[in-house]
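The sequence shown begins at 1 in the numbering used here and counts up by one.
Think of the CB as a built atom: it goes at the ideal place given N, C-alpha and C, for glycine as much as any other residue.
Being a predicted model, the structure only gives us computed values, none of them experimental.
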Amino acid sequence: MSGVHVIWFKRDLRVHDHAALMAAAASGAPILPLYIFEPGYWALPEHSRRQFDFVKEALEELDAALKARGSGLVIRTGNAIDVLSEIHRRQGIAAIHAHEETGLQWTFDRDRAVGRWARNAGISLREQPQNGVQRALKSRDGWASHWEAFMRRPRMVAPETLLSAQVQAEDFPLPQDFGLGPDDCPQRQKGGRAAGVECLRSFLEVRGQAYQRQMSSPLTAADACSRLSPHLAFGTVSMREAWQAAQRAKEMHAREGNAEFAASIGSFISRLHWHCHFIQKLEDQTSIESRNLHPAYDGLRPAPEEDDPRLAAWIEGRTGFPFLDACMRSLKATGWLNFRMRAMTMAFAAHHLWLDWKLPAERLAGLFTDFEPGIHYPHAQMQSATTGINTPRIYNPVKQSRDQDPEGAFIRRWVPELSALPDEWLHAPWEAPASVRARAGIVLGQTYPMRMVDHMAAAEEARSRIFALRRNAEHAAEAEEIQARHGSRRSGIPFRGRQAAPKKRAPAPADAIQLSFDLGIIQERRAHAS
Ligand SMILES: Cc1cc2nc3c(=O)[nH]c(=O)nc-3n(C[C@H](O)[C@H](O)[C@H](O)COP(=O)(O)OP(=O)(O)OC[C@H]3O[C@@H](n4cnc5c(N)ncnc54)[C@H](O)[C@@H]3O)c2cc1C
Numbered sequence: 001m002s003g004v005h006v007i008w009f010k011r012d013l014r015v016h017d018h019a020a021l022m023a024a025a026a027s028g029a030p031i032l033p034l035y036i037f038e039p040g041y042w043a044l045p046e047h048s049r050r051q052f053d054f055v056k057e058a059l060e061e062l063d064a065a066l067k068a069r070g071s072g073l074v075i076r077t078g079n080a081i082d083v084l085s086e087i088h089r090r091q092g093i094a095a096i097h098a099h100e101e102t103g104l105q106w107t108f109d110r111d112r113a114v115g116r117w118a119r120n121a122g123i124s125l126r127e128q129p130q131n132g133v134q135r136a137l138k139s140r141d142g143w144a145s146h147w148e149a150f151m152r153r154p155r156m157v158a159p160e161t162l163l164s165a166q167v168q169a170e171d172f173p174l175p176q177d178f179g180l181g182p183d184d185c186p187q188r189q190k191g192g193r194a195a196g197v198e199c200l201r202s203f204l205e206v207r208g209q210a211y212q213r214q215m216s217s218p219l220t221a222a223d224a225c226s227r228l229s230p231h232l233a234f235g236t237v238s239m240r241e242a243w244q245a246a247q248r249a250k251e252m253h254a255r256e257g258n259a260e261f262a263a264s265i266g267s268f269i270s271r272l273h274w275h276c277h278f279i280q281k282l283e284d285q286t287s288i289e290s291r292n293l294h295p296a297y298d299g300l301r302p303a304p305e306e307d308d309p310r311l312a313a314w315i316e317g318r319t320g321f322p323f324l325d326a327c328m329r330s331l332k333a334t335g336w337l338n339f340r341m342r343a344m345t346m347a348f349a350a351h352h353l354w355l356d357w358k359l360p361a362e363r364l365a366g367l368f369t370d371f372e373p374g375i376h377y378p379h380a381q382m383q384s385a386t387t388g389i390n391t392p393r394i395y396n397p398v399k400q401s402r403d404q405d406p407e408g409a410f411i412r413r414w415v416p417e418l419s420a421l422p423d424e425w426l427h428a429p430w431e432a433p434a435s436v437r438a439r440a441g442i443v444l445g446q447t448y449p450m451r452m453v454d455h456m457a458a459a460e461e462a463r464s465r466i467f468a469l470r471r472n473a474e475h476a477a478e479a480e481e482i483q484a485r486h487g488s489r490r491s492g493i494p495f496r497g498r499q500a501a502p503k504k505r506a507p508a509p510a511d512a513i514q515l516s517f518d519l520g521i522i523q524e525r526r527a528h529a530s
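Below, the structure written as structure tokens:
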């Protein structure tokens, strides 16, 4: 059938290593690169202004890269089927090319509806994987080798020219059109390919040296971690590009004798694998977004009301636990938090506050610029101990504070009302003698909240309720099935208390060698020139 070939961009906002773009260009037909701002999508509780702003910046760069090839991005606002129908009516669509999106139930339903519509309209819908997650997977056996084979395949360089379908561009909609009001996120990461490539380069060449040692403390993690997450979530850099560049960097550091850096990049590579390992879970079982993975936990915790004051205190950083509050306030201002602190915040809501995980997970998602449904919800359940296959871990917010922020620099930065408190009392101000608090100008319950719960007693209570369920014989039988369906065969994530093999410590090099090497990633200079 003659007509235009639509490339429907979703969470793949780049031109390089883009299978759908390559396929469309190879057709020889006029190309219509399309992004649809869908009101239903932006109305979902997980979506927020910071993600919208990141996407908009990424789209502006994508548009420039496409224009430089002859066919700029066409922006439309509306329901996907309405938008596609209108294009079909005016231009005639021969084929729609897209990536296989693993998203929330909403996008899953939308994609199925678009599939039905395309079939009825006689349009070929061609979806392609973009990151090693497999559609309609029968078994997890052999998954890791399939993933690695996908990562090893050569990256695709974007076509030099695209034949334009000559469709009029429309202005970007405003965030307010979707009810997305102002967002207080001054340190949000910038969207777009240039920022993504720079993140990867600076991490692999310089910042990642002590990644393994520095990823756990929020004091060091913001610089020592790659910060690639929003770029992977919205596809400004492809997973394969990141993986291949990391492999090259690891070999380079090893060759140069920088064992610490090479080991750090090795850890990073494992996490790229985890990225897809977790997304595969949601791909295989969309209900992970809304229902306990293991049904034994159904009804265990009460679901909070939307306006539950405990939920508000937790998400706004007013729990009375200084380190936890510092994490939440920092997340609000930056749109990012390191893994351990994400785990601690989620675990606090589920265990100490004993709240059903769904609403807290939704609220957290909105604060993450990098919200990735397939990572977020499986982790929210894992930290809430509702998967049945992971050993429950209840983080102690005071111990984490002492371990990860011993001198209180992070707390003082984000909870300045406590800054005059001496270090020894900063982690648990309720334990400070009244005279010490008075000298620091702190009145608990007035200048800073009283702690919401006795965290030791709450953790003990949560532990005993959860382990009572886990001792049940039926729990184990169901857990075996969940493990067979979703469990990692090779990711290094321990299963049910099994310990991962102890890691050998690499000796630190005498001098950190700063390398400059070819990332192997196309930096899209023309996008900036145009
Ligand atoms: C409750 C909870 C919710 C989370 N929600 C998200 C989310 O919405 N989006 C998201 O990208 N990550 C999420 N994570 C995983 C992890 O915290 C982030 O990927 C990481 O902190 C992002 O920072 P980075 O890019 O600097 O990571 P790095 O440490 O530099 O890792 C590189 C990449 O590996 C992947 N990765 C790292 N850690 C994990 C992990 N534990 N599981 C799966 N993939 C991983 C990410 O894609 C990350 O960008 C969540 C973790 C928890 C505990």
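Q) Of all the options R213, Q105 and A121, which has the alpha carbon lying nearest to the alpha carbon of Y377? A) As a position in the sequence shown, residue 377 is number 377, starting the count at 1. Out of R213, Q105 and A121, Q105 has the C-alpha closest to the C-alpha of Y377.
**Q.** Proximity of E127 and H99 at Cβ, strictly below 8 angstroms
**A.** By one-based count along the sequence shown, residue 127 stands at place 127. By one-based count along the sequence shown, residue 99 stands at place 99. Yes, the Cβ-Cβ distance between E127 and H99 is below 8 angstroms.
Q: Taking F535 as the reference, give the member of R76, A458, E160 and S238 with the closest Cα.
A: The structure shown does not extend to residue 535, since the chain spans only 1 to 530, so no value can be given for it.
Q: Label D109 either buried or exposed according to how many other C-beta atoms from any shown protein chain fall within 10 Å of its C-beta, with 16 as the threshold for buried.
A: Taking the sequence shown and counting its residues from 1, the one referred to as residue 109 is at position 109. With fewer than 16 other Cβ atoms within 10 Å, it is exposed.
Q. Which residues bound the alpha helix (DSSP H) around L469?
A. Walking along the sequence shown from the start, residue 469 turns up at place 469. Taken as a continuous stretch (DSSP letters only), the alpha helix (DSSP H) holding L469 covers H455 to R470.
Q. Taking the Cβ atom as the reference point for each residue, do A94 and A19 lie within a distance shorter than 8 angstroms?
A. The sequence position of residue 94 within the sequence shown is 94, counting from 1. The sequence position of residue 19 within the sequence shown is 19, counting from 1. Against a cut-off of 8 angstroms, the Cβ pair of A19 and A94 comes out as no contact.
Q: Provide the residue span of the beta strand (DSSP E) that contains H231, from first to last.
A: Sequence index remark: in the sequence shown, residue 231 carries index 231 (1-based). Unbroken run through H231 is the alpha helix (DSSP H), S229 to F234; no beta strand (DSSP E).
Q) Once you ignore the five residues that flank R485 on each side, which residues in its own chain have a CB closer than 8 angstroms to its CB? A) Here residue 485 is taken as the residue at index 485 of the sequence shown, counted from 1. Around R485: R140, D284 and Q285.
Q | Y41 versus H97, T386, G366 and D307, residue with shortest Cα-Cα distance | A | As a position in the sequence shown, residue 41 is number 41, starting the count at 1. In terms of CA proximity to Y41, G366 leads the group H97, T386, G366 and D307.
Q. Three or more beta-carbon pairs under 8 angstroms between the segment 289-309 and the segment 230-246, yes or no?
A. No: the two stretches stay apart, fewer than three of their Cβ pairs being nearer than 8 angstroms.
**Q.** 6 angstroms CB neighbourhood of H352 in its chain, flanking five on each side removed
**A.** For this step, residue 352 is matched to residue 352 along the sequence shown. Only V453, H455 and A458 meet the Cβ criterion.
Q. Would you report the Cα separation of D171 and E480, rounded to the nearest angstrom?
A. Residue mapping note: residue 171 aligns to position 171 of the sequence shown, counting from 1. Residue mapping note: residue 480 aligns to position 480 of the sequence shown, counting from 1. Distance between the alpha carbons of D171 and E480 is about 52 angstroms.
Q. Any heavy atom of ligand 1 within a distance shorter than 7 angstroms of the CB on I375?
A. Reading the sequence shown from its first residue, position 375 is the one you call residue 375. Yes, ligand 1 has a heavy atom inside 7 angstroms of this Cβ.
Q. How would you write the range of the beta strand (DSSP E) that I279 sits in, first residue to last?
A. Numbered from 1 along the sequence shown, position 279 holds the residue referred to as residue 279. Per DSSP, I279 belongs to no beta strand (DSSP E); it is in the alpha helix (DSSP H), A259 to D284.
Q) Taking 7 angstroms as the cut-off, does the CB of S238 come closer than this to any heavy atom belonging to ligand 1? A) Working through the sequence shown from its first residue, we reach residue 238 at position 238. Every heavy atom of ligand 1 is 7 angstroms or more from the Cβ of S238, so no.
Q.
Please classify H379 as buried or exposed, where buried requires at least 16 other C-beta atoms within 10 Å of its C-beta.
A. Mapped onto the sequence shown, residue 379 falls at position 379. That one is buried.
**Q.** ligand 1 heavy atom lying under 7 angstroms from the CB of W243
**A.** Along the sequence shown, read from residue 1 onward, the residue named residue 243 stands at position 243. No, the Cβ of W243 stays beyond 7 angstroms of every heavy atom of ligand 1.
Q | Those runs of the beta strand (DSSP E) which lie wholly inside the segment 60-123 and span at least 3 residues | A | 74-77 and 93-99
Q: Please confirm if the segment 62-75 is in contact with the segment 249-257, defined as three or more CB-CB distances below 8 angstroms between the two stretches.
A: no
Q: May I ask you to report which of helix, strand or coil DSSP gives V4?
A: Translated into positions along the sequence shown, residue 4 becomes position 4. Here V4 carries a strand assignment [DSSP, helix/strand/coil].
Q | Delimiting residues of the alpha helix (DSSP H) encompassing I482 | A | Here the question's residue 482 lines up with position 482 in the sequence shown. First-last of the alpha helix (DSSP H) with I482: A473 to H486.
Q. Quick one: does the C-beta of D370 sit closer than 7 angstroms to a heavy atom of ligand 1?
A. For the purposes of this step, residue 370 is identified with residue 370 of the sequence shown, where counting begins at 1. The answer is yes for D370.
Q | M450, buried or exposed, once every other Cβ within 10 Å from all chains shown has been counted against 16 | A | For the purposes of this step, residue 450 is identified with residue 450 of the sequence shown, where counting begins at 1. Result: exposed.
Q. So which of A210, Q400 and H275 has the shortest CA-CA distance to E372?
A. Position 372 of the sequence shown, counted from the start, is the residue given in the question as residue 372. Per the Cα distances, H275.
Q: Pick out whichever of P302, I279, D325 and R119 has its Cα sitting closest to the Cα of A312.
A: Reading the sequence shown from its first residue, position 312 is the one you call residue 312. Among P302, I279, D325 and R119, the Cα nearest to that of A312 is on D325.
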